[in-house]
Every structure is written in C-alpha cells, then in structure tokens.
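S.K.: Let me begin by handing over the structure; questions about it come next.
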Amino acid sequence: MVFLFRSGTFREKALLVFKATRTHARNLGTFVFLYKISMLILRHLNKTESQYDSFISGLIGGYTVFGRGGNSSVNQQICLYVAARVILGVAKLSTTPGYQLSPVPEVWREGINNNAWPAFASFSWAFVMYLFRWHPEVIQPSLRSSMTYLYVNSERWDGLKNLLWHNV
11 MVFLFRSGTF REKALLVFKA TRTHARNLGT FVFLYKISML ILRHLNKTES
61 QYDSFISGLI GGYTVFGRGG NSSVNQQICL YVAARVILGV AKLSTTPGYQ
111 LSPVPEVWRE GINNNAWPAF ASFSWAFVMY LFRWHPEVIQ PSLRSSMTYL
161 YVNSERWDGL KNLLWHNV
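Shown next as structure tokens:
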C-alpha cells in the first residue's frame, strides 16, 4: 500500500515498509514474551491454569505493548485486525450449540451463523464510506489517503496514463 498511495522515492517508500515491518515484528514479539511470562507467573501462583489466566495475560500484554506503547498506525492496524477477529469469534461462540453462556435462542443460531460475516463486512464498509464522505477528518490518515486516491482523485484524469495507472 505504501508504494501505491504514498509519495516519495522508491528508497523512501522501501524505508517506510522496513520500519513498519520492524515495528510490527517487535510489537508482536514483545506481546508474545509478556503474554507467555504472565501465563507462567499466574500458573505458578495458582498451582494450575485458571480459566481467566489467558484473559489477564492478554490484558497485561495488550496494555503494555499496544495501549500504553503508543497509538501508532502499526498498533492501530494490529488492534483493529484483532478486534475484527474477536467480534466474529464471539458471534460464532454465541451460536455454538451447548455453549453454556450463549444468549442466543436455538432458533436464531443458524441465521446468525449464515449472516455474521456478510453483516460485519457490509456494515464495516457502510460506516467507513459514510465517515469518509461526511467526516473524513476522523478516519486514520493512511486509510483516508488511500480512499482519497481511490474515490476522489480517480474522478479527474486527463489521459490514459492517469486513467489506467496513476491518478492526477
């Protein structure tokens, strides 16, 4: 995406990709380390693994690395990716037959299973397009830049080159 939507030389763009990749790897590696250490400590303190150890360890690692660690674009991307997977996972879990905490009546489960992903995808795109059209300032800068390139700049062209390859 950097090569498509960012300005600058090839070298500058490659450096941005390298830095983002390094930050991504460092943050995930740090999270894994903190999560594993927290799990070991909790297991040692309790003499066995509790049902909530993974939640507490995830909370500690998530806060330390992604919460307190800064609101960078890399952290936002990782957290939003994880949040989307959590939402879909909870939707599936809520419809799992025999799951004790399922608030969903049996008759609704098949409908939710069949429609969770289409609803999630549709509403995600509906909201982002609404925000981009009416409140673009609240959209994360790199997403806003990509959307401007695709949905605004693509309406202006003066030849085949910028119609087919690169917008004005």
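Sequential numbering from 11 applies to the sequence shown in this note's numbering. The beta carbon of each residue, even a glycine, is placed where N, CA and C say it ideally should be. Note that the structure is predicted; figures quoted are calculated from it, not measured.
Out of Asn125, Phe43 and Leu38, point me to the one whose CA is closest to Leu190's CA.
M.R.: Because the chain spans 11 through 178 in this model, residue 190 falls outside it and cannot be assessed.
S.K.: Closest by CA to Pro151, which one among Thr58, Gln86 and Gly72?
M.R.: By one-based count along the sequence shown, residue 151 stands at place 141. Ranked by Cα distance from Pro151, the first of Thr58, Gln86 and Gly72 is Gln86.
S.K.: By a C-beta neighbour count over all protein chains shown, 10 Å radius and 16 as the cutoff for buried, is Thr58 buried or exposed?
M.R.: Here residue 58 is taken as the residue at index 48 of the sequence shown, counted from 1. With fewer than 16 Cβ atoms within 10 Å of its Cβ, Thr58 is classed as exposed.
S.K.: Whole alpha helix (DSSP H) runs in the stretch 50-77 with 4 or more residues, listed along the chain?
M.R.: 63-71
S.K.: Between which two residues does the alpha helix (DSSP H) harbouring Leu103 extend?
M.R.: Here residue 103 refers to the residue found at position 93 when the sequence shown is read from its first residue. Element bounds for Leu103: Ser83 to Ser104.
S.K.: Can Ser83 and Asp63 be called in contact, C-beta distance under 9 Å?
M.R.: As a first step, residue 83 must be located in the sequence shown, where it is residue number 73. As a first step, residue 63 must be located in the sequence shown, where it is residue number 53. Not a contact, by the Cβ cut-off of 9 Å.
S.K.: Alpha carbon to alpha carbon, how far is Ala136 from Gly121?
M.R.: Reading the sequence shown from its first residue, position 126 is the one you call residue 136. Reading the sequence shown from its first residue, position 111 is the one you call residue 121. If I take the Cα positions, the gap works out to 21 Å.
S.K.: Considering only the alpha carbon of each residue, which of Glu116, Gly71, Trp127 and Tyr109 lies closest to Val96?
M.R.: Position 86 of the sequence shown holds residue 96. Per the Cα distances, Trp127.
S.K.: Give every residue of the same chain whose Cβ lies closer than 6 Å to the Cβ of His34, excluding the five residues on either side of it in the sequence, and list them in chain order.
M.R.: Position 24 of the sequence shown, counted from the first residue, corresponds to residue 34. Correct list, in chain order: Val84.
S.K.: Could you spell out where the alpha helix (DSSP H) holding Gly121 opens and where it closes?
M.R.: Walking along the sequence shown from the start, residue 121 turns up at place 111. Note, Gly121: alpha helix (DSSP H), Glu116 to Trp144.
S.K.: Take the Cβ of Met157 as the centre, count every other Cβ of all protein chains shown within 10 Å, and call the residue buried at 16 or more, exposed below.
M.R.: Counted from its first residue, the sequence shown places residue 157 at position 147. Answer is buried; the Cβ neighbour count reaches 16.
S.K.: Below 6 Å CB to CB, which residues in the same chain sit around Arg119 once its five sequence neighbours on both sides are set aside?
M.R.: Position 109 of the sequence shown, counted from the start, is the residue given in the question as residue 119. Once the five neighbours on either side are set aside, the close Cβ partners of Arg119 are Thr105.
S.K.: Between the alpha carbons of Pro107 and Val117, how many angstroms are there, rounded?
M.R.: Here the question's residue 107 lines up with position 97 in the sequence shown. Here the question's residue 117 lines up with position 107 in the sequence shown. Separation of Pro107 and Val117 (C-alpha to C-alpha, rounded to the nearest whole angstrom) is 11 Å.
S.K.: Keeping to the same chain, check which residues put their C-beta closer than 6 Å to that of Arg154; ignore five residues upstream and five downstream.
M.R.: The count along the sequence shown starts at 1 and reaches residue 154 at position 144. For Arg154, where only same-chain residues beyond five positions count, the Cβ hits under 6 Å are Pro146.
S.K.: Beta-carbon separation of Tyr45 and Gly80 under 9 Å?
M.R.: Here the question's residue 45 lines up with position 35 in the sequence shown. Here the question's residue 80 lines up with position 70 in the sequence shown. Not closer than 9 Å, so no.
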